[in-house]
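J.:
Number of protein chains: 2
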Amino acid sequence: RSGEPNPVHWRVHCGLTGDFVSCHAVQESLLSSASGFSNYRGILNWCVVMLVSSFAGLEDCLLKPFFFHRYGILVDPIQVVSLFLKDPYSWPAACLIIVSNVFILAALYTERRLAVGTISETTGLILHIFNLSCILVIPAATALTVTSMTSVGGVISLGIYTVLFLKLYSYKDANRWCREIRQAKAKRLTRSYSCESVQTHVSYPGNLTHRDMYYFVFAPTLCYQLNFPRSSRIRKRFLMRRLLEMLFLMQLLVGLIQQWMVPTIQNSMKPFQEMDFSRMVERLLKLAVPNHLIWLIFFYWFFHSSLNFMAELLQFGDREFYRDWWNSETVTYFWANWNIPVHKWCLRHFYKPMLRKGTNKFLAQSAVFLVSAFFHEYLVSIPLRMFRLWAFMGMMAQVPLALFVSRFLNGNYGNAAVWISLIIGQPVAVLMYVHDYYVLHYGSSA
Amino acid sequence: RSGEPNPVHWRVHCGLTGDFVSCHAVQESLLSSASGFSNYRGILNWCVVMLVSSFAGLEDCLLKPFFFHRYGILVDPIQVVSLFLKDPYSWPAACLIIVSNVFILAALYTERRLAVGTISETTGLILHIFNLSCILVIPAATALTVTSMTSVGGVISLGIYTVLFLKLYSYKDANRWCREIRQAKAKRLTRSYSCESVQTHVSYPGNLTHRDMYYFVFAPTLCYQLNFPRSSRIRKRFLMRRLLEMLFLMQLLVGLIQQWMVPTIQNSMKPFQEMDFSRMVERLLKLAVPNHLIWLIFFYWFFHSSLNFMAELLQFGDREFYRDWWNSETVTYFWANWNIPVHKWCLRHFYKPMLRKGTNKFLAQSAVFLVSAFFHEYLVSIPLRMFRLWAFMGMMAQVPLALFVSRFLNGNYGNAAVWISLIIGQPVAVLMYVHDYYVLHYGSSA
Numbered sequence: 001r002s003g004e005p006n007p008v009h010w011r012v013h014c015g016l017t018g019d020f021v022s023c024h025a026v027q028e029s030l031l032s033s034a035s036g037f038s039n040y041r042g043i044l045n046w047c048v049v050m051l052v053s054s055f056a057g058l059e060d061c062l063l064k065p066f067f068f069h070r071y072g073i074l075v076d077p078i079q080v081v082s083l084f085l086k087d088p089y090s091w092p093a094a095c096l097i098i099v100s101n102v103f104i105l106a107a108l109y110t111e112r113r114l115a116v117g118t119i120s121e122t123t124g125l126i127l128h129i130f131n132l133s134c135i136l137v138i139p140a141a142t143a144l145t146v147t148s149m150t151s152v153g154g155v156i157s158l159g160i161y162t163v164l165f166l167k168l169y170s171y172k173d174a175n176r177w178c179r180e181i182r183q184a185k186a187k188r189l190t191r192s193y194s195c196e197s198v199q200t201h202v203s204y205p206g207n208l209t210h211r212d213m214y215y216f217v218f219a220p221t222l223c224y225q226l227n228f229p230r231s232s233r234i235r236k237r238f239l240m241r242r243l244l245e246m247l248f249l250m251q252l253l254v255g256l257i258q259q260w261m262v263p264t265i266q267n268s269m270k271p272f273q274e275m276d277f278s279r280m281v282e283r284l285l286k287l288a289v290p291n292h293l294i295w296l297i298f299f300y301w302f303f304h305s306s307l308n309f310m311a312e313l314l315q316f317g318d319r320e321f322y323r324d325w326w327n328s329e330t331v332t333y334f335w336a337n338w339n340i341p342v343h344k345w346c347l348r349h350f351y352k353p354m355l356r357k358g359t360n361k362f363l364a365q366s367a368v369f370l371v372s373a374f375f376h377e378y379l380v381s382i383p384l385r386m387f388r389l390w391a392f393m394g395m396m397a398q399v400p401l402a403l404f405v406s407r408f409l410n411g412n413y414g415n416a417a418v419w420i421s422l423i424i425g426q427p428v429a430v431l432m433y434v435h436d437y438y439v440l441h442y443g444s445s446a
Numbered sequence: 001r002s003g004e005p006n007p008v009h010w011r012v013h014c015g016l017t018g019d020f021v022s023c024h025a026v027q028e029s030l031l032s033s034a035s036g037f038s039n040y041r042g043i044l045n046w047c048v049v050m051l052v053s054s055f056a057g058l059e060d061c062l063l064k065p066f067f068f069h070r071y072g073i074l075v076d077p078i079q080v081v082s083l084f085l086k087d088p089y090s091w092p093a094a095c096l097i098i099v100s101n102v103f104i105l106a107a108l109y110t111e112r113r114l115a116v117g118t119i120s121e122t123t124g125l126i127l128h129i130f131n132l133s134c135i136l137v138i139p140a141a142t143a144l145t146v147t148s149m150t151s152v153g154g155v156i157s158l159g160i161y162t163v164l165f166l167k168l169y170s171y172k173d174a175n176r177w178c179r180e181i182r183q184a185k186a187k188r189l190t191r192s193y194s195c196e197s198v199q200t201h202v203s204y205p206g207n208l209t210h211r212d213m214y215y216f217v218f219a220p221t222l223c224y225q226l227n228f229p230r231s232s233r234i235r236k237r238f239l240m241r242r243l244l245e246m247l248f249l250m251q252l253l254v255g256l257i258q259q260w261m262v263p264t265i266q267n268s269m270k271p272f273q274e275m276d277f278s279r280m281v282e283r284l285l286k287l288a289v290p291n292h293l294i295w296l297i298f299f300y301w302f303f304h305s306s307l308n309f310m311a312e313l314l315q316f317g318d319r320e321f322y323r324d325w326w327n328s329e330t331v332t333y334f335w336a337n338w339n340i341p342v343h344k345w346c347l348r349h350f351y352k353p354m355l356r357k358g359t360n361k362f363l364a365q366s367a368v369f370l371v372s373a374f375f376h377e378y379l380v381s382i383p384l385r386m387f388r389l390w391a392f393m394g395m396m397a398q399v400p401l402a403l404f405v406s407r408f409l410n411g412n413y414g415n416a417a418v419w420i421s422l423i424i425g426q427p428v429a430v431l432m433y434v435h436d437y438y439v440l441h442y443g444s445s446a
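These protein sequence lines are chains A and B, in that order.
Just so we're aligned, residue 1 is where the first sequence starts under full-length UniProt numbering, counting upward by one.
Just so we're aligned, residue 1 is where the second sequence starts under full-length UniProt numbering, counting upward by one.
1. Using only the alpha-carbon positions, how far apart do Phe-174 of chain B and Glu-121 of chain B sit?
2. Determine, for Tyr-214 of chain A, whether the minimum Cβ-Cβ distance to residues of chain B falls below 9 Å.
3. Is Val-254 of chain B near the ligand SAH, judged by its Cβ being under 8 Å from some heavy atom?
4. By Cβ distance, which residues of its chain are closer than 7 Å to Ser-151 of chain B, with the 5 residues on each side in sequence left out?
5. Can you give me the Cβ contacts of Arg-283 of chain B inside the same chain, cut-off strictly under 8 Å, excluding the 5 residues immediately before and after it?
6. Buried or exposed, going by whether 16 or more other CB atoms sit within 10 Å of the CB of Tyr-171 of chain B?
7. DSSP three-state label for Asp-212 of chain A, please.
8. Output needed for Pro-387 of chain A: all residues of its chain with C-beta closer than 6 Å, excluding positions within five of it in sequence on either side, in chain order.
9. Does the beta carbon of Met-50 of chain A come closer than 9 Å to any beta carbon on chain B?
10. Using the rule of at least 16 other Cβ atoms within 10 Å of the residue's Cβ for burial, across every protein chain shown, is Ile-234 of chain B buried or exposed?
11. For Leu-44 of chain B, go through chain A and note every residue whose CB falls closer than 7 Å to its CB, in chain order.
12. Any C-beta of chain B sitting closer than 9 Å to the C-beta of Ala-397 of chain A?
13. Using the beta-carbon of each residue, which ones in chain B are nearer than 7 Å to Ser-231 of chain A?
14. Does Phe-228 of chain A come out as helix, strand or coil in the three-state DSSP assignment?
15. Closer than 7 Å, Cβ to any Cβ of chain A: which residues of the stretch 338 to 350 of chain B, in chain order?
16. For a test of the three-state rule: what should DSSP assign to Gln-79 of chain A, helix, strand or coil?
17. Return the first residue and the last residue of the alpha helix (DSSP H) that Glu-377 of chain B is part of.
18. Run the CB neighbour count on Arg-41 of chain B, radius 10 Å, all protein chains shown included, and call it buried at 16 or more, exposed below.
19. Which chain B residues are close to Phe-321 of chain A, counting only those with a beta carbon under 7 Å from its beta carbon?
20. Give the C-beta separation of Ala-402 of chain A and Thr-332 of chain A to the nearest angstrom, bearing in mind that I take them to be a contact with Cβ-Cβ under 8 Å.
21. I need the straight-line Cα distance from Gly-425 of chain B to Val-262 of chain B, nearest angstrom please.
22. Work out the CA separation of Gly-36 of chain B and Ser-306 of chain A for me, nearest whole Å.
23. To the nearest angstrom, how far is it from the Cα of Phe-92 of chain A to the Cα of Val-434 of chain A?
24. Are Ser-53 of chain A and Leu-293 of chain B close, meaning C-beta to C-beta below 9 Å?
25. Which residues in chain B have a C-beta closer than 9 Å to the C-beta of Ser-22 of chain A? List them in chain order.
26. Which of the three DSSP states is assigned to Gln-27 of chain B in this structure?
27. Output the boundary residues of the alpha helix (DSSP H) element that contains Tyr-333 of chain B.
28. Which residue's Cα is closest to the Cα of Asn-39 of chain A: A:Asp-324, A:Arg-348, A:Pro-220 and A:Leu-208?
29. Could you work out which residues of chain A lie near Trp-295 of chain B, taking near to mean beta carbons separated by less than 9 Å?
30. Just to check my reading of the structure: residue 452 of chain B and His-128 of chain B have Cβ atoms closer than 8 Å, yes? What is that Cβ distance to the nearest angstrom?
31. Taking the Cβ atom as the reference point for each residue, do Arg-348 of chain B and Cys-223 of chain B lie within a distance shorter than 9 Å?
32. Can you tell me where the alpha helix (DSSP H) with Gly-425 of chain A in it begins and where it stops?
33. Is it buried or exposed for Thr-209 of chain B, if we count other Cβ within 10 angstroms and need 16 for buried?
34. For Met-246 of chain B, which residues of its own chain have a beta-carbon under 8 Å away from its beta-carbon, when the five flanking residues on both sides are left out?
35. My output table needs one value for Asp-276 of chain A: the three-state DSSP class, helix, strand or coil.
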């Protein structure tokens with residue numbers, strides 16, 4: 001056979017396999033950045049496998065002998081309940097959340113008046129501003145004065161009120177834009193655009209109903225629009241998986257905070273009181289790993305599981321709650337992509353209106369960080385009843401950090417810098433607050 | 001301004017921003033598998049940051065108090081040297097590697113005779129088979145009989161001889177194919193293909209030179225071809241980075257093996273001797289993490305840093321030493337993509353010739369695993385002077401495992417199964433050999 005092959009037969013083989021003539025081509029290795037390859041889905045699965053197995057290992061080898069013998073049982077349901085409830089006959093956080101309906105309805109009725117023209121645009125604006133101010137001031141005043149409000153209850157109710165503030169601000173703006181477009185159309189005396197509104201679609205002012213308002217309040221977005229895109233059906237398996245993730249990760253978060261983070265923080269109080277710098281740094285790095293893992297799990301729990309669960313229930317179509325912030329090579333890219341609902345709101349209702357008014361880009365960007373810093377501080381200081389500006393400064397420090405990273409680092413180095421700033425930055429702020437809280441409440445006895 | 005906007009002005013804005021009318025679109029979250037998104041380059045950087053920081057943390061918090069106090073200093077250069085050298089006046093592994101030139105030249109001279117036709121194809125084949133058999137038998141015999149050969153020296157020299165065996169087998173095949181094509185062309189009495197060979201390209205038998213042969217021996221590939229694709233120049237920065245990676249990762253590998261893996265293995269000898277099953281499993285899981293990390297670092301060190309370094313030095317163009325095995329959703333995909341030089345060789349010189357002879361696909365695939373299992377066993381048993389077939393069985397177990405995974409698991413579950421089989425499978429084999437080695441050498445004293 002090997003002596004005299006059929007030429008045609010051979011050429012077919014050469015064409016078929018190509019191996020006889022050559023089997024190499026000029027190409028880069030996949031891990032070289034020059035290759036441009038970026039599919040690392042498997043690495044994500046690897047992280048999950050390693051995390052699960054090391055938690056299983058921790059449970060077996062570390063937690064049982066270590067935590068349970070040294071600190072006693074730390075996953076303590078009573079402790080969890082006590083975070084929400086100081087006085088079992090007083091539920092200030094729950095009451096606050098129920099009261100929020102008043103502000104929702106106030107915004108809706110103001111818009112209805114504006115739509116039919118019984119109040120002027122200026123009066124409407126004043127009413128809205130009053131309503132929105134109340135949304136920020138009333139829960140803050142409650143949290144500061146009602147002593148039976150716990151810190152966790154305070155954070156949750158203030159968080160809900162902040163979300164409501166952003167939603168109703170967007171509601172006011174979007175409805176005003178609708179009125180402006182309606183007026184513009186009326187002036188041109190044409191109805192050329194009306195063919196766009198199919199029967200199933202609602203057009204202004206048909207959207208000013210309780211049903212539409214409450215759909216928007218519960219929908220996982222901060223930006224109001226008429227006729228949200230909807231998914232065709234509720235996928236039951238998707239819903240169940242998200243629900244199971246929510247429940248499991250909730251357990252994991254509480255367990256990790258109680259068993260890993262709280263002991264680490266407690267151990268780091270002494271070096272911080274004595275201002276022993278080298279041991280402070282050591283404690284900080286020890287706190288960085290649990291804090292970072294908890295933040296990552298929280299991110300997945302909130303932005304993937306919970307928001308997708310809500311969206312699936314409400315058949316809300318737009319599931320872009322985050323983009324690929326894990327690839328961010330600049331700090332700006334991270335902030336623009338990890339929290340899309342807030343980013344979208346800032347862009348639509350704050351940044352672009354500022355640009356339209358002629359503000360320059362850098363100033364507008366800094367202003368967005370300033371507002372974001374204000375809300376971070378609002379959500380931390382008031383529930384803790386302690387004004388320290390660490391969160392505010394942490395957010396504002398992002399502006400020079402962003403300039404530094406985009407100026408001096410790029411590609412994978414920029415990405416690593418973003419990760420390191422996440423891993424190190426957060427525990428610094430956490431330790432600052434915990435330290436001050438500790439000094440304020442237990443400092444006299446120490 | 002808000003009272004009476006200019007319609008044209010408004011329409012420009014609507015078109016420009018699109019936000020006024022709608023700012024949502026139906027889309028899936030990126031982490032949902034339905035989104036099809038797979039760019040997780042940042043997660044790879046995250047792994048590197050976390051690994052580096054936890055090694056730095058280990059060094060500080062774990063290694064110093066733990067290893068150095070309990071086991072004494074474990075990064076021991078003398079211990080490393082003793083792995084290679086038993087008797088300072090006898091260097092059997094180095095001698096073996098120098099002797100390998102004899103076989104390289106034997107293959108070259110046989111091919112030269114075949115090219116000019118002074119020996120027949122059959123004689124040539126017999127000479128090649130004799131030469132290739134010597135390549136496998138002589139180092140094995142040396143490793144088994146020369147007592148001053150250490151296990152590590154044995155693995156390295158047998159590894160080099162195995163690579164040489166595969167290379168010279170490919171050399172023989174590729175040159176035979178060239179002769180067959182030459183004969184086929186001669187019969188057709190045309191020279192239509194000769195225009196293809198540009199001056200710079202070499203055509204058969206012009207390739208049978210010492211220079212070409214040694215280029216192939218040092219090139220990071222196992223498949224011979226005429227005129228390897230070449231890169232245009234040596235990129236000095238690329239070369240330096242690969243060299244630094246090689247040196248640093250070499251240190252890291254030796255340190256990790258000495259400080260983490262060896263103590264873990266030593267601690268697991270007692271449960272294995274007593275056949276205490278639950279503690280055997282615990283030890284196995286404890287070994288799995290360091291073993292897996294060492295394997296990953298070894299993979300990067302060998303397949304990315306070292307082979308790219310060699311390729312850059314030799315201006316060898318084809319850098320595809322691995323494909324995206326980390327995304328593999330079946331066991332078969334993993335084996336076909338983690339080690340491309342061997343995979344390419346198996347495909348070109350073993351699997352495809354078998355298919356051409358009419359073997360069915362599954363049988364041919366199993367035969368490839370059988371040959372691979374033989375070489376794994378060859379590389380482990382002979383240097384340890386201990387025949388146990390664990391490596392052989394480990395490789396052969398991949399066939400039913402591959403069937404199971406491809407039958408019952410797919411997508412991310414399949415990927416997780418591949419990772420788990422990697423994480424768990426290897427330490428089982430390692431512990432088996434270490435246990436048997438321990439019993440054989442120290443069993444009598446225990």
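We put the CB at the ideal spot given by N, CA and C, even for glycine.
T.: This is what the structure holds:
1. A quick correction: the sequence has Ala, not Phe, at residue 174 of chain B. Roughly 14 Å separates the two Cα atoms.
2. no
3. Questions concerning the ligand SAH fall outside what the structure shown contains, since it holds no ligand whatsoever.
4. Pro-383 and Leu-384
5. Thr-264, Asn-267, Ser-268, Pro-271, Phe-272 and Leu-431
6. buried
7. helix
8. The sequence given here has Phe at residue 387 of chain A, not Pro. Ser-381.
9. yes
10. exposed
11. Tyr-40 and Ile-43
12. no
13. Val-26
14. coil
15. Lys-344 and Arg-348
16. helix
17. 361 to 384
18. buried
19. Ser-29
20. 5 Å
21. 18 Å
22. 21 Å
23. Note that residue 92 of chain A is Pro in the sequence shown, not Phe. Their Cα atoms are separated by approximately 24 Å.
24. no
25. Gln-225, Leu-226, Asn-227, Phe-228 and Pro-229
26. strand
27. 331 to 337
28. A:Asp-324
29. Within chain A, no residue comes near Trp-295 of chain B; the closest Cβ sits about 12 Å away, beyond 9 Å.
30. Outside the displayed range of chain B (1 to 446) lies residue 452 of chain B, so it cannot be described from this structure.
31. yes
32. 411 to 442
33. exposed
34. Trp-301, Ser-305, Ser-306 and Phe-309
35. coil
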